[in-house]
Amino acid sequence: MALLLGLAVAGLLLAWLLRVASAQLLQRDAEHTALAWAELASAAVEDLEPLLNGAPLSDAARRDLLRHRRVQEVFRFKLFDRTGQPVLVSDDLDRPTAAAPQRNSIGHGNTTVRDLVLHGHPVIELRQGTDASRPAVYSEAYVPILRQGRVIGVVEVYVDQTERARRIRSAFGLVAGAVFTLLGLLGAGLAGWWLQRLRLARQDEARERYLAHHDVLSGLLNRTSFNAALDEAAWRQGGGGPGFALLCVDLHRFKEVNDAQGHDAGDEVLRQVGERLRALVRQGDRVARLASDEFAILLSGGATPEVVSTLAQRVITALGEPFMLSGASVVSGCSIGAAIFGVDAATPDELLHKADLALTRAKDIGCGGFSFYDATLDKRLDDRRQLAGDLRAAIGTPQLCLHYQPLFSGNGHQLDGYEALLRWSHPVRGPVSPAEFIPLAEETGLIEALGHWVLRTACATAAGWPAGLSVAVNLSPAQFRRDDLVDEVAKALADAGLPAERLELEITESLLMGNTEPVMRMLGELADMGVRIAMDDFGTGYSSLAYLWRFPFHKVKIDRAFTQHLASDPKVQLIVRSIISLAHSLAIRVNGEGVETAAQLHMLHAQGCDEFQGFLLGQPAPADALTHLQPGGTEPAQRGERVQATTSAR
Numbered sequence: 236m237a238l239l240l241g242l243a244v245a246g247l248l249l250a251w252l253l254r255v256a257s258a259q260l261l262q263r264d265a266e267h268t269a270l271a272w273a274e275l276a277s278a279a280v281e282d283l284e285p286l287l288n289g290a291p292l293s294d295a296a297r298r299d300l301l302r303h304r305r306v307q308e309v310f311r312f313k314l315f316d317r318t319g320q321p322v323l324v325s326d327d328l329d330r331p332t333a334a335a336p337q338r339n340s341i342g343h344g345n346t347t348v349r350d351l352v353l354h355g356h357p358v359i360e361l362r363q364g365t366d367a368s369r370p371a372v373y374s375e376a377y378v379p380i381l382r383q384g385r386v387i388g389v390v391e392v393y394v395d396q397t398e399r400a401r402r403i404r405s406a407f408g409l410v411a412g413a414v415f416t417l418l419g420l421l422g423a424g425l426a427g428w429w430l431q432r433l434r435l436a437r438q439d440e441a442r443e444r445y446l447a448h449h450d451v452l453s454g455l456l457n458r459t460s461f462n463a464a465l466d467e468a469a470w471r472q473g474g475g476g477p478g479f480a481l482l483c484v485d486l487h488r489f490k491e492v493n494d495a496q497g498h499d500a501g502d503e504v505l506r507q508v509g510e511r512l513r514a515l516v517r518q519g520d521r522v523a524r525l526a527s528d529e530f531a532i533l534l535s536g537g538a539t540p541e542v543v544s545t546l547a548q549r550v551i552t553a554l555g556e557p558f559m560l561s562g563a564s565v566v567s568g569c570s571i572g573a574a575i576f577g578v579d580a581a582t583p584d585e586l587l588h589k590a591d592l593a594l595t596r597a598k599d600i601g602c603g604g605f606s607f608y609d610a611t612l613d614k615r616l617d618d619r620r621q622l623a624g625d626l627r628a629a630i631g632t633p634q635l636c637l638h639y640q641p642l643f644s645g646n647g648h649q650l651d652g653y654e655a656l657l658r659w660s661h662p663v664r665g666p667v668s669p670a671e672f673i674p675l676a677e678e679t680g681l682i683e684a685l686g687h688w689v690l691r692t693a694c695a696t697a698a699g700w701p702a703g704l705s706v707a708v709n710l711s712p713a714q715f716r717r718d719d720l721v722d723e724v725a726k727a728l729a730d731a732g733l734p735a736e737r738l739e740l741e742i743t744e745s746l747l748m749g750n751t752e753p754v755m756r757m758l759g760e761l762a763d764m765g766v767r768i769a770m771d772d773f774g775t776g777y778s779s780l781a782y783l784w785r786f787p788f789h790k791v792k793i794d795r796a797f798t799q800h801l802a803s804d805p806k807v808q809l810i811v812r813s814i815i816s817l818a819h820s821l822a823i824r825v826n827g828e829g830v831e832t833a834a835q836l837h838m839l840h841a842q843g844c845d846e847f848q849g850f851l852l853g854q855p856a857p858a859d860a861l862t863h864l865q866p867g868g869t870e871p872a873q874r875g876e877r878v879q880a881t882t883s884a885r
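Each residue of the sequence shown is one higher than the one before, starting from 236 at the first, in this note's numbering.
So, in structure tokens, the structure goes:
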């Protein structure tokens, strides 16, 4: 806009400059004509000087002046003497006998003009004709009449400049036209450029507004805009408007798509999810992407349980259809949790919370699950959150302690050591099962602090046992996420003064399912220190012979589920025999867990099991209750003796 205004000002300035230049040209032309006429008159008119000195007009002078009255563009003149008084007007030449009338002096009384002319300086004045007796454009030029370098008089020459002015205006008009055309083109170009910039700026503003309220990948509302929509829906319902419900949708296997096919494939899945969800909702409903693979639907108007359930089923069906990705199809699916405003919640934040709780329950059902909010579930989750807080506060207090369950070899007659088991005595709830608080610790991130405490406590306690006894400590997969696990184990052993070969670390097969290489590296470093590694619950999860092949475990532990069915199911006997045979062929010891009957102990021993633990042989007990006595009442053998006896028994 400023450029366009500048062009307009430049155009006006150009017009003014052309007018000034035109006037200056006309003035110079008039001055030239007047001076030429004065020189011609001075040279060609006889008796001119006597006339200017007051002598009467002679016939020769009259004749010469008549001949020069209309030379070039001059159409009239006046003669003045050296004092500036009028002597003769060209109009008087037509009256031969008439005396010169009395007239005004030079410049009509303008002393400055008179003095200038009488001192030899021409004065030019441009005029516009006001009647038919004068040209449309003319000049009045006062010029001195010189003879031999001295001023003998003054002549006022009237120069007709109508044609000259027309030609100048025409020439300047062409120039001005060309310039204004260029300015116009430049202005048009600048105007177009400015309009284009304005259009692009508005597009950018519109896109910024869109991105501020929408998710880039799916095109759905983002969390901020969806929260605003929830607030608006709640405000409308508070004023008598329609009710509404919220559906939280969790997309299944999205991480698998990202990991297996790349983020571009994941982005395409999100775009297709957005298209499918938009196609399912009605006018006035809102759809949003709240997190990586979590979506939400605001169902407004007629939000009854039946309507919500119908929509949820349609969403489950739609998202259960394969997604096409560059010619390949990917099947995902979803789970949905729903809550109704005014029934399950009284505020938008509470509604989001209740729908999220319902989603948690739906995910427990599995892919394709749908659930409304359940107050019982809410209470259970509140209890779980409270328990997590209590567990955090219990770390480092007497509420947590270790019990030790004995491990036996040689048909249950040789004490090898103990497995450290964490126990929690809650001040209000009483004893809390490890099956409840260990998974809770893993979910809340407390497992690292717990594992650190258990490891150091177990090592310090075992250091006070007889030299032939070892201690087994369970490690959580979460502890392997830290790069300093090996250093932590080394420091625990050093601080306790416990030899590394008396520490056994138990891991589960689930640890080896992900990040296999880093885990194997850390296990190898621990084994190089002398620490023994055992695989717990072998045969119940994702058992893979590759784990036994890639890493030389010192021990595998047969899960108690096999031990319980060993006496009653021949297939279990065959599986147990195979596990023991495979382990021994790889020089790996085998532990049988959950021994509760003599028959189970006998069968495990008969099939070559190396080590046993269970309530039949000994229950977990606090450290101060351990006697370290063998079943026959003797002290435990030294480590070297026990190994030799076990090896020969094989």
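Backbone N, C-alpha and C define an ideal beta-carbon position, used for all residues, glycine too.
Beta-carbon contacts of residue i that lie in its chain and below 6 Å, excluding the five residues immediately before and after
i, result
"LEU465", "PRO583"
"ASP395", "GLU308, PHE310, PRO370 and TYR373"
"LEU685", "ALA676"
"LEU525", "ARG458 and ALA531"
"PRO666", "SER660"
Euclidean distance between Cα positions of residue i and residue j
i, j, result
"PRO712", "GLU671", "17 Å"
"ARG874", "SER803", "Interpretation of ARG874 is limited by its pLDDT of 43, a score under 50 that renders its predicted location unreliable; the figure taken from the coordinates is listed afterwards. If you take the alpha carbons of ARG874 and SER803, they lie about 35 Å apart."
"GLN264", "GLN431", "Note on residue identity: the sequence assigns Asp, not Gln, to residue 264. Each residue's Cα considered, the two are about 50 Å apart."
"VAL807", "PHE786", "26 Å"
"ASP282", "VAL306", "19 Å"
"ARG620", "ALA629", "14 Å"
"LEU456", "ARG521", "8 Å"
"ILE387", "LEU260", "28 Å"
"SER325", "VAL392", "10 Å"
"VAL255", "GLN262", "11 Å"
"HIS356", "ARG362", "20 Å"
"ALA884", "ASP494", "Unreliable positioning characterises ALA884 in this predicted model, as indicated by a pLDDT of 29, which lies under 50. The coordinate reading is nonetheless provided below. Cα-Cα distance, rounded: 49 Å."
"VAL811", "VAL825", "10 Å"
"LEU252", "ARG401", "17 Å"
"LEU738", "ASP763", "13 Å"
"LYS313", "GLY412", "40 Å"
Cut-off 8 Å between Cβ atoms - residues of its own chain near residue i, not counting five sequence neighbours on either side
i, result
"LEU637", "ALA655, LEU656, LEU657, ARG658, VAL689, THR692, ALA693, THR696, PRO857 and ALA858"
"ASP591", "CYS483 and GLY572"
"GLN879", "Summary for GLN879: the model assigns pLDDT 28, below 50, so the residue's position carries little reliability; its value from the coordinates is reported in the next sentence. Excluding sequence neighbours, GLN879 sits near nothing in its chain."
Sequence-distant residues of its chain with Cβ nearer than 7 Å to residue i (five each side left out)
i, result
"VAL358", "VAL348, LEU351, VAL352 and TYR377"
"PRO855", "HIS638, TYR639, GLN640 and LEU656"
"ASN646", "HIS840"
"THR679", "ALA623"
"LYS598", "ASP485, SER570 and GLY604"
"SER535", "ALA468, PRO477, PHE479, GLY519 and ASP520"
Assigned exposure category for residue i - 16 Cβ within 10 Å defines buried
i, result
"SER570", "buried"
"SER453", "buried"
"ILE600", "exposed"
"PHE850", "exposed"
"THR365", "exposed"
"LEU512", "buried"
"GLU491", "exposed"
"ALA707", "buried"
"THR416", "exposed"
"ALA514", "exposed"
"ASP327", "buried"
"GLU741", "buried"
Where the alpha helix (DSSP H) containing residue i begins and where it ends
i, result
"VAL708", "Segment 705 to 709 is the beta strand (DSSP E) holding VAL708; no alpha helix (DSSP H) there."
"ILE814", "805 to 820"
"GLN518", "That residue, GLN518, is in no alpha helix (DSSP H); it is neither H nor E in DSSP."
"HIS303", "294 to 303"
"PRO669", "669 to 679"
"LEU465", "458 to 473"
"VAL682", "Sequence check: residue 682 is Ile here, not Val. First-last of the alpha helix (DSSP H) with ILE682: 682 to 697."
"ARG549", "540 to 555"
"HIS837", "833 to 841"
"ALA597", "583 to 600"
Expected contact under 8 Å - CB spacing of residue i and residue j to nearest Å
i, j, result
"ALA531", "LEU481", "6 Å"
"GLY765", "ALA735", "3 Å"
Run of the beta strand (DSSP E) containing residue i, from where it starts to where it stops
i, result
"GLN649", "649 to 661"
"HIS487", "No beta strand (DSSP E) holds HIS487; DSSP gives it neither H nor E."
"VAL309", "309 to 315"
"PHE382", "A small fix is needed here, since residue 382 is Arg in this sequence, not Phe. That run of the beta strand (DSSP E) goes 372 to 382."
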